[in-house]
Structures are given as structure tokens and as C-alpha cells.
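**Q** A single structure is presented below for examination.
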Amino acid sequence: MATAEKYVGGGVLRKEDPKLVTGQGTFVESITLPGMLHVAFVRSPYGAATIGAVDTVAAAESPGVVAVLTGEDLAGEWAAGLPMAWPVTDDIRIPDHWPVAKDAVRYVGDAVAVVVARTREQAADGADLVSVDYEERPAVVDIESARADGAPRVHDQFEDNDCYTWALTNGDVDAAFTKADIVVTERYTQPRLIPNAIEPRGVVVQPVPAAGDYTIWSATQIPHIAKVLFALTAGIPEAKVRVIAPDVGGGFGSKLNIYAEEIVCLVLARRLGAPVKWVATRSEGYVATVHGRDQIQEMEIAADTDGRILGYRAKILANMGAYLQLITPGTPLLGAFLFCGSYGGEAYHFECTGVFTNTTPTDAYRGAGRPEATYAIERAIDALARAVGVDPVEIRKRNFLPTGEMVPSPGGLAFDTTDYEQNLDRALEIVDYDSVRAEQRARRESGDSKIIGVGLSTYVEMCGLAPSQVLGSLNYGAGGWDAATVRMLPTGQAEVVTGSSPHGQGHVTSWSQIAADALGIGFDDVTVLHGDTQVAPHGMNTCGSRSLSVGGIAVHNACGRVVDKASRIAAHLLEVAPDDLEFEGGTFSVKGVPDRQATIQEVAYAAWTAHSLPEGEEPGLTEHHVFDPPNFTFPFGSHICVVEIDTETGEVEIVRYVAVDDCGNVVNPQIVDGQVHGGVAQGIAAALFEEATYAEDGTLQTSSMLNYLVPSAAELPSFELDRTVTPSNSNPMGVKGIGEAGTIASTPAVMNAVLDALSHFGITDMSIPATPEKVWTAIRDAKGGAA
Amino acid sequence: MTRISLSINGVSHEADVEPRTLLVYFLRECAGLTGTHVGCDTTSCGACTVLMDGQTVKACNVLAVQADGSEVTTVEGLATNGDWHPLQTAFHEEHGLQCGFCTPGMLMASVGILAENPDPSESEVRHALEGNLCRCTGYQNIVNAVLAAAEQLRSSAAQG
Amino acid sequence: MISAPFDYERADSVAAALELLRQGGEDARLLAGGHSLLPLMRLRLARPTLLVDIGRLDDLKYISGDGDTLEIGALTTHHDLADSHELRDACPLLADTASQIGDPQVRHRGTIGGSVAHADPASDLPTALLALDAEFIVQGAGGSRSVAAGDFFHGPFMCAVEEGEMLTAVRVPLSGARGVYRKFHRRAQDWAIVGVAASVQVESGAVASASIGLTNMGGTPLRAAAVEDALVGATDTGSIATAASRVADLPHPHDDEQASADYRLHIAEILIGRAVRAAMA
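Protein chains in written order, with the working numbering: chain F, 64 to 850; chain S, 348 to 507; chain U, 252 to 532.
The structure is reproduced here in C-alpha cells:
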């Protein structure tokens, strides 16, 4: 039974906000327990070293210190090493990864000992006093050095630093390149990025020694997955582990992991029989929380003389870092199907080799694999436009996949719904493309020192990670479903229990909109419960822009089941058949006799008292649904960036940024816009500001917020947003996902704009980030050395 | 240990503290006001911004002993008798927050901005927020919220 | 991050502060706004055993002038400098420089004395004060002495303030020059990659004299004497640019992760031109 949409698509304000704007949020650092001990980590200052003697005596005697434990001391605590859930190939090399290193350290930040003390200050003082004899070894930090002959090996247990090679071929790629009139060959680098959720990671563990129970509060995106893996790693029965993700201050993939500090705190709580707490400092987080990206990409496109694409080859080298975290090897493969973007062609080859280095492990960072793929194809299609001699708009229109449903892409996947050209036209209209081009010509002709450029990114991405069977075929270690339970309470409100685990995305609001419409009750009569495995036992959490298109659909469908059951009970109360009822606005009424009716609240009360239920009907009005979608969703859109470059200094300023996204149907427009804003900002940051760099010895040079350039409001423009709506057919609400689209789309839009601005100098390539010095140097060199 | 006493949101607090105790930890752990957050250790992110004697400061870079005798206002002290400050309302209405971790600092920084410049342009708001980092919102709705609150405050002042 | 433990004393006078410093020995430090020292202590890169808090010495917070000389107390904050109408009129370069330091929160706490005595080569105020031919009043147990800005900065984080001394005031001769500070950095809150302080006397549309200070072009703030000489008589963009190009006569600046030496020199040249033009406008 359908019901009219009252809240979905409308402008309700977020339910999450009142506590957050008044300082009443509960983030992990605010959790304090009686008798709680504080943990500090002693970390390697070396990129590679053998661990000799560890002198803990002075630390152990320091005031307030309760325990000082080395990797050797803790070796008996682990039932397994830190988990890696995505062994992408059968022959992947998976190194031992202990939460506290025993014999050797392999990156700056690798933990070698822990200090437990009565206060945070005492723990820090104790950690300061632990003395470790390191024998430094040669380190290797970048992909190419790690693959050179005779390169230092990160793991002695393997012959070289390659981790795996994964390949995918669709169609006859060699034939496509043989018959091509034009072959574009490009090489791009993806700098390493540091996610920088503003809340540092933290964990509190409360043991109940007599019961063997553990409650773990963690700043995590994945409490449900964590429950399983904490149990396996620490050797605790899963049912004894309760994981709570309280208010979580942003994640962007960096909290989609199982971290050493979580496991260490769990086993310390077990060993000491007392609650323990650890909260990262920002600088500590910079070395001890996963990084993102860090790839070298070779991208080739084969096309006919008109620039119609025949085939693609993408060959990727991906920096894994020193160890494999939860989905380190799989992260680049989330882009494996997207190096053809929104375009057609006959043949496709993708190949990725993972490489170990003496650096912090990489893993998911907003977009995870798709920003890298999108950057490569969107840069390469501009290169193709140059080779053909047509405008970037024209080359895209010549190659867009056709509008339709289940449209096969050269990468091998069928895209749910496509309608690319009208979306691009809308963006061109907003930016007034022809005027921007005219302005560009005028500035060039007048010799203005400030030049402008315009860049496009007509991306498609895949999200709603999703069908469990497909994830299984990729060797991913978990399912792609999500779960919801909807309870109508006897007093007429609804509790929605979700397996999604928000950390800023506004699920409480969006899920309330969905449930309120589906149940025909008020928005304020819905309470959403999440993030506690004891309250919400089933879930696959929040990552990969999957929450709405999987978890939100589970809510929608569970509500449908509630209405179905309510309908049976209402029919019984009204003494008619269920088919004789209509459901509208929360009221069941008899068709043709509208004054014979029962509200869903009345039905809920009747279901609770259970005084008179249909034969065989169980009391209560609670239903559960687990949604496992039939396909991914493929949001798309057109982002157009206009930059102004000061040729005297090389500074790039974004003067216009237009984003027209198509994420299917929209539940909450304000939240969707907010996701685009934040996503675009992160992609712009990658294009112009952020880059994590290592010295050759393995020292992270960009070691704090002082020199890793997270932009502020002063460095960013306002964005101009619009949408087209092409509902997905992968789920009954027609929704797609928007959490990562902005980040995926924006980096190439900015870089294409920078290169477009510089095109009259003959400049066709530049690595990200486009720093002022890089831009200025390129201009100087193009002019023959005289700036 | 050093004895200090300060007024926080109009309530006086007296305690013995280690000299190295940062004001932000005093607020969070001694005064129990956990709305002020710690987001970095380099005075970069501004999540810990509070008002100290009417001026915005980053409470992670002020020792509690330095704040002895001061009047401090935190996000918990922003509402008056349960009525939200116009900035709180504007952040809510303009969707100026997502995860909410930077929000207390953004709000307090914005109080300071509007105290010094009641009618800022968008560009002035963006520059005045240079010391506060947000990773969720891309700042657009934060800036919109500050502008909306400024307008609200000006119109209240004009009526008042 | 938490700093290592230390003792804390609050001074109620300059004399008391000096006595506390003396008692504390070589590991005692003065604490003013704390915006140079506390970040280093939190990362445990600095470990003083005693902090002498001079933040309550309100008689060191002032801006006063007699028409010829401006005197600024060491505890005057960046915010107070930027916000002072008197300073904006009398010495616009200093107010302009202060307004570009850090962010509003930092400007509310950071002090001119702390900034000068910390002698960070990337710091803005020392450069402006060097360009203004300022003098620094340094007080020790034996009395006070005045050190010219040109003699004050000895190297990165090294200056003329000796152990047991404190900087109490800054004196700036008032020349009526127009001044502008131009700062090149990646984010508004960042330290200068290059900064240029220009103080310019203009007569009949031409530069009569100019002082050019440079930030982060060496281990101390620098004066670009060759540029200053060449600027005399400059009237337009072209002649100013020609003079600015003499910045290449300076010792080659350093390469670091933020900028190559060549780029630093180039940016300095561009900023000199822009600062001088703005000062003349």
C-alpha cells in the first residue's frame, strides 16, 4: 500500500542539530568511567628499524603508571593479527600485522609499546620515558623506489615489495588499439592524502571481568563489523562484545577500519580488569590513522579519427603502505570499473599492482578508488579532445553512454539508469559556458596577467555497495546488505533501528522522513536508534555512499511490512478483509465507507494489548527487513569549474564552481546539498592544497595541520548547485547516493580548468596539487625560462 | 598544583590544577563542560574556541592558570534561559553542521566575528573563520549561517 | 598532546619576573600570550622547567606616541595593534602586518614582545619592525638597554635578549611613511612563505625613500638595501618592478618543502612591487 510523500523530498531541519549546537553531543573523548585508566603509545620514529632492547623501567616507575607493555609482552593476547577483509587475489601477500610490533617497525608511527596510567598526563609522561634500541634500516617510501631492483624490502617474509596484481579485461582491447586512429597515452599521479576527520580517533573499553563482557565505545564508522573483528582478534566470544559508536565526528573512510589502538585497549581492559581509554592527538593520528590515494596511473584511450572511443587501458600502481589494513588492497579496485567513466567503447583493460612501502597504510578515503579512476578518465578525455581538436564538451557528448536503463559500460557493469547529456547541458547553462570562453579569449588577447580556464568533469560513480554476491565474487569478506527494524510503540510513536552508522550524514533525519511517510505518522514521532550493537544488532554500517540506497531502503521496506501487518489487524478490528482497506496519512479506512477507519496508532495499541488479533497473528507491531540490492547504483553529474590564475605568482583561485548532480530521488535536499558542498571542498583540496609527503627515511614531512593544508573557509568559494533526477532502478525508492560524488567529481574539474587556463602556453600536464610554485614554474618553462 | 578560580558561563569554578593543564581540559574535565572539543595539537583547527574575557581564544593553547580570574564563555553558555543564540538557530536552519564536532568552535568563533563586525560580507566571514577547520560542510552553509545570524542580530538590535 | 611538567610562577612586576627568571636558571622561560612557546611545549619540542607568566603585567600593554616616536608595550596583542586607530594613522605598516598574523583567536593572545623575542624567521612583525628601524627595549637585572632592530635578530629563534633578560617595549620612529605588508602563504592562517614589509616616503608622485623588509628569506628578517636604493625616484609600475628585481642581489634564500629558493626570490620580487604600489596608492 502506498502513501503520499509528505516529508520525503521536503525541507525538514535536522534532528541531530539541537544537541550538537548546544554542546551536548557525546563524542568518545567525553566518555569517562570510574577507575578509568589512560593509554599512551610509544611509536617508532623510524620508517624501518629492527627493535632491540626496550627499556621500560623508568616508565614503570613514573608516577601513576600502572603497566608498561611491549609487543613481546602482549604477544599472547592476540587470537589473530589485525584483520584484513579483502584478499583481492588468491596469491596476495598478506604480512603479519600485530597491533604492537615485536621485532621490527615498518613505518613512522608503528607502535612498539603501550603505557597505562591513572591520568592522560601520566601516561604521556610514561611513554616519554620508554627507551627503545632501534637499529635503523633503509626505508622505501614511494612506489617506484619500492619496485626498483635491489629495493629495501618492507617485509623480509616476501621476495619483493609487490603485494598483488589484479586485472580485468572486457572485449578485445588489443584489437581496439590496433584499429584506432588516435591513441592518447597519459600518466597521472595521485598524491597521498590524509583524511582529517576533525574528531581524532578514540576508544574507551569497559570490561565486566566476572561476566567476561566488554563494552567498547569507539569513534568508528563500522560498529557492527568491528564487533565481529574485535571478537576474532582478541579471542573473545562475539556475544560478549558490545560496540557503541556514539556521536562520531566525521570519518571519510578513515574510521572504516579496525585499528591497533582499539584492539590494544580491549586486551588491556581484559588484562587489567579496568576501563581504559585512548584518544589520539592530531599529530599521532597523522601517522596512525590510514591515509588515502597514492597511486601512479597509466591511462590509454584508443579512438577513431572523430574521437569516438574504442577502448581503454588503465594500469595502476597503488601504494599499500607498510601493512594491509581492513580494505587496503581492495580500495583501488573500487575504481576498477570506472576508468571508462560515463563513456562508451568496445574494450577495456584494468590492472592494478599493490606495492608495500615504509609508510602509514592506505585505505578508504572519501570516494575510495573512484576519485582516482574519475581523475584519470576525466583528464584523459580532455587529452583526447586536444588530440582530436574539439572542445571538451563536444568530446564528452560524442562519447556519452546512451540514455536508458541497465546500460552496459565498457568496464563490464550495467549502469542502473543513465541520462548524461541533459545533465551536462544544465551545468553548461548555469555556468554560461560560451560567455566564459569569450572572457577567456578576451583576457588572453589583452595580455591580462590574470587568465581564466574552465574545466569539466562529467563523472559517473558506483555506490550503494551492495549486491552481496558481487562483493563475494570480488573476494570481499563481508556482505553488502543492510538491516532495519521498525517498531510501532503502543503510545503511537515509531522506533526505527538501523544498521547504518552515521557520523554527520543526518541519517536520523532522513530515516525519520522515510518512516514518517511510510507509516503516516509525524516526523517528530519517529525515533531513530543506531550505532550500538546491542540496540541495533544487524548492520553493515556507513561507507561507500551506501546508507540511503541500502540501509534507508531497509527502513522503507520494514515500514512496508509494518503497514502490511497493521492492515491485517485493522481489517480484523474493522471486520473487513485487508483488501477492502485503503491506507492514507496513517489511517486505514474501508473503501467506500470512509468514516469506518482505524489509525495506525490505534492499531499499534491493539497489537500491543493483543486482546483481539486476527487468527494466528502475533502480538506487537515490529517488523524487520534486510535489504540486499540487485545492483549497485551509479550516480552521475557534471561539475564545471572556472579558475583564475595569477600568472605572476602561479596562484589559482576558483571563481565559479557549478555542480549538477544526479543522485536519483532525493529524500532531504538540504542534506544532499551539504554532502555535495563538503565533498567538493575535499576534492578541491586535493586539486590545489593537500599532499602528504615523506622524506626518504620514512619521516612524514606533512606531520600536522600546520603543514598538511586542510583548507579553511578563506580558501574556498561558494558553490552553485543544481540537480537532475533520474531515479535508480536498483531500489524501490529510486535513490542513488551522494556522500562521495562531490569528491569524486571535483578534483579533475579543477585540474582540467587549470590546464585549460594554461593551454595557450602549450601546457598540457601538471600533477596535483597544482601549487602556485608548480603553476608558475610551468608558465616560466613554457615561456623559455623567463618568467 | 596551582589554585585557580574562574567564571565559566557565569558560574564560578575553583580548583587546584597542574600548571600544564590546558584551559580546554579544565573546561572539559574539571568543569564538566564537554561541548568544547579538541581537534588538533597545533592551534590549527579552532574546535576548542571559547570566549575569554569577551575575546575568542583557542582553549587548547591557553593554560588554565593563564585563565585564572577570567570570564569564560563556552558553547554551553551561548543560549539565554534556554533560548538559543541566533547563531545556534542559524546553524540549524542553514544546515551549517554535519558531524557537529567543529561546531562549538565555529559558533564561538562566529560570536567573536559578529561582535567585532556586525555586518560582514561573505568574504569577510570567510576570512574571519580562517582559524577554524571543518571537514564536512565545505563551509558554505556555515558562512550562510553566520550571515543569516548577523542579519537577525542587526534587526533585533534595531528593534530593541 | 600534553607538555612535560613544569613549575609556574606569575610575576606581578618586571622586576619580579626578572628575579623569577634568575632563580629558574637556564630552563626558565617567560610566558606572555604563549602562542609561540606552548605549541612547542605541547609537542614536547620545548621543555622548560619553569614558566614565568608575565601576562598580567598590564603596564606592558600600551601604544603611546609623542609625535616622533611610537612606543608599544611588549604585551600588546596583535589584535590590539591591528585594531588601533592611532596605530593605523601613525604607523599603518605595523597595523597592517598585525592584522595578517595567524587567525583572530591567535591575534587575541599573541603579543608583539613574544613574536619579536621568539625570532621565528617566518614571523611577520619582526620584518615590519626591521623595515621601520625600530628599537627594542631589553631589561635585565642591571637595567635596560636599547637594541636597534638591525642588531637584534641573530639567527633562527636567536636574538639579542640574553638569558635573564626580557623585552619590555618596542620603539618605532615615526616618519610619516606609508606602509603595507604583503604576505604570501597557502592558507590564510599559515605562516609566511615570503613576506614583504614596505615603508615608503613619497614626494611628488615618486619614491623619496623606501624601506623594504623581507620575511622568511633567510634565518632572520632581512632588509633589501639594493631594492631600497633602486626604488628612489620610482614612479610607476615599470620603474618599481625594475627596482624590485634587485632583490636578486640578496644572499640566495633557502629551499624547503614550502618553496624553492628561486620561487622565493620571484615571489619576493612580485610582492615588493605590489606592496610599494599599494603604499603609494
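Cβ coordinates follow ideal geometry from the N, Cα and C atoms, glycine included. Given the structure is predicted, the values throughout are model-derived calculations rather than measurements.
Please tell me whether V409 (chain S) and L369 (chain S) are closer than 8 angstroms, where the distance is taken between their beta carbons.
**A** yes
**Q** Alpha carbon to alpha carbon, what distance is there between E79 (chain F) and V494 (chain F)?
**A** 34 angstroms
**Q** Does chain S have any CB closer than 8 angstroms to the CB of L83 (chain F)?
**A** Closer than 8 angstroms: yes.
**Q** Could you tell me which residues DSSP puts in a beta bridge with K165 (chain F)?
**A** For K165 (chain F), which the question treats as bridged, DSSP gives no partner whatsoever.
**Q** Strictly under 8 angstroms for the Cβ-Cβ distance: is E423 (chain S) near chain F by that measure?
**A** yes
**Q** Taking 8 angstroms as the threshold (C-beta atoms), are A456 (chain S) and N479 (chain S) in contact?
**A** yes
**Q** Kindly indicate the opening and closing residues of the alpha helix (DSSP H) around C622 (chain F).
**A** I616 to L637
**Q** Assess, as a yes-or-no matter, whether the segment 404-412 of chain F is touched by the segment 440-450 of chain F under the definition of 3 or more beta carbon pairs within less than 8 angstroms.
**A** yes
**Q** Listed in chain order, which residues of the segment 349-377 of chain S have Cβ atoms closer than 9 angstroms to some Cβ of chain F?
**A** E365, R367, T368, Y372, R375 and E376
**Q** First and last residue of the alpha helix (DSSP H) that includes C328 (chain F)?
**A** A323 to L335
**Q** Pull out every residue of the segment 248-282 of chain F whose Cβ sits closer than 9 angstroms to any Cβ of chain S, in chain order.
**A** Of all residues in the segment 248-282 of chain F, those with a C-beta nearer than 9 angstroms to a C-beta of chain S are P258, N259, A260, I261, E262 and P263, reading in chain order.
**Q** Buried or exposed: where does K920 (chain F) fall if 16 or more other Cβ atoms within 10 Å of its Cβ makes it buried?
**A** Nothing about residue 920 (chain F) can be reported from this structure: the residues present for chain F run from 64 to 850 only.
**Q** On the DSSP bridge list, what partners appear for C415 (chain F)?
**A** F:W229 and F:I379
**Q** Count the C-beta pairs between the segment 593-606 of chain F and the segment 641-657 of chain F that are closer than 8 angstroms, then say yes if the count reaches three, no if not.
**A** no
**Q** What in chain F is Cβ-close to S468 (chain S), meaning under 7 angstroms?
**A** In chain F, no part has a C-beta under 7 angstroms from the C-beta of S468 (chain S); the shortest such distance is about 12 angstroms.
**Q** For A748 (chain F), which residues does DSSP report across the bridge?
**A** According to DSSP, which records beta bridges pairwise, A748 (chain F) is partnered with nothing at all.
**Q** Checking contacts by CB at 8 angstroms: is V120 (chain F) closer than that to chain S?
**A** no
**Q** From the DSSP output, in three-state form, read off K69 (chain F) for me.
**A** In the structure shown, K69 (chain F) sits in coil (DSSP, three-state: anything other than H, G, I, E or B).
**Q** Cα separation between Q660 (chain F) and T152 (chain F)?
**A** Going by the C-alpha atoms only, they are around 59 angstroms apart.
**Q** Per DSSP, H688 (chain F) is paired with what?
**A** F:A547
**Q** Quick check on the burial criterion: 16 or more other C-beta atoms within 10 angstroms. Buried or exposed for S498 (chain F)?
**A** exposed
**Q** Going along chain U in order, which residues have a C-beta closer than 8 angstroms to the C-beta of Q413 (chain S)?
**A** L282, G285, D304 and G306
**Q** Run down chain F in chain order and give the residues with a C-beta less than 9 angstroms from the C-beta of Y259 (chain U).
**A** Near Y259 (chain U) there are no residues of chain F at all, since even the closest Cβ is about 15 angstroms away, more than 9 angstroms.
**Q** To be precise: take each residue of the segment 471-491 of chain S, compare its Cβ to all Cβ atoms of chain F, and keep it if any distance is under 9 angstroms. Which residues remain?
**A** Of all residues in the segment 471-491 of chain S, those with a C-beta nearer than 9 angstroms to a C-beta of chain F are V472, R473, H474, A475, L476, E477, G478, N479, L480, C481, R482, C483, T484, G485, Y486, Q487, N488, I489, V490 and N491, reading in chain order.
**Q** Residues of the segment 773-795 of chain F in Cβ contact with chain U at a cutoff of 7 angstroms, in chain order, please.
**A** So the list reads P774, S775, A777 and E778, given in the order they occur along the chain.
**Q** Contact criterion: CB-CB distance below 8 angstroms. Does H359 (chain U) meet it with respect to chain S?
**A** Chain S, which has a Cβ nearer than 8 angstroms to the Cβ of H359 (chain U), makes this yes.
**Q** Tell me whether L500 (chain S) sits in a helix, a strand or coil according to DSSP, three-state version.
**A** helix
**Q** Three or more beta-carbon pairs under 8 angstroms between the segment 308-327 of chain F and the segment 248-267 of chain F, yes or no?
**A** yes
**Q** Strictly under 8 angstroms for the Cβ-Cβ distance: is K78 (chain F) near chain S by that measure?
**A** no
**Q** Would a check of beta-carbon distances place R273 (chain U) closer than 8 angstroms to chain F?
**A** no
**Q** When you check each C-beta in the segment 444-456 of chain S against every C-beta of chain F, which residues fall closer than 8 angstroms?
**A** L444, Q445, C446, G447, F448, C449, T450, P451 and L454
**Q** At a Cβ cut of 9 angstroms, what residues of the segment 296-318 of chain F count as close to chain S, listed as they run along the chain?
**A** The residues in question are D310, V311, G312, G313, G314 and F315.
**Q** What's the C-alpha gap between V560 (chain F) and L308 (chain U)?
**A** 58 angstroms
**Q** In chain order, which continuous runs of the alpha helix (DSSP H) of length 4 or greater are located wholly inside the segment 442-494 of chain U?
**A** Taking only runs of at least 4 residues, the alpha helix (DSSP H) segments lying wholly in the segment 442-494 of chain U are 476-482.
**Q** Assuming the contact rule is C-beta atoms closer than 8 angstroms, Q745 (chain F) and V75 (chain F) should be a hit. Round their C-beta distance to whole Å, please.
**A** No, Q745 (chain F) and V75 (chain F) are not in contact; Cβ-Cβ is about 26 angstroms, not under 8 angstroms.
**Q** Mind checking whether L282 (chain U) and I305 (chain U) have CB atoms under 8 angstroms apart?
**A** yes
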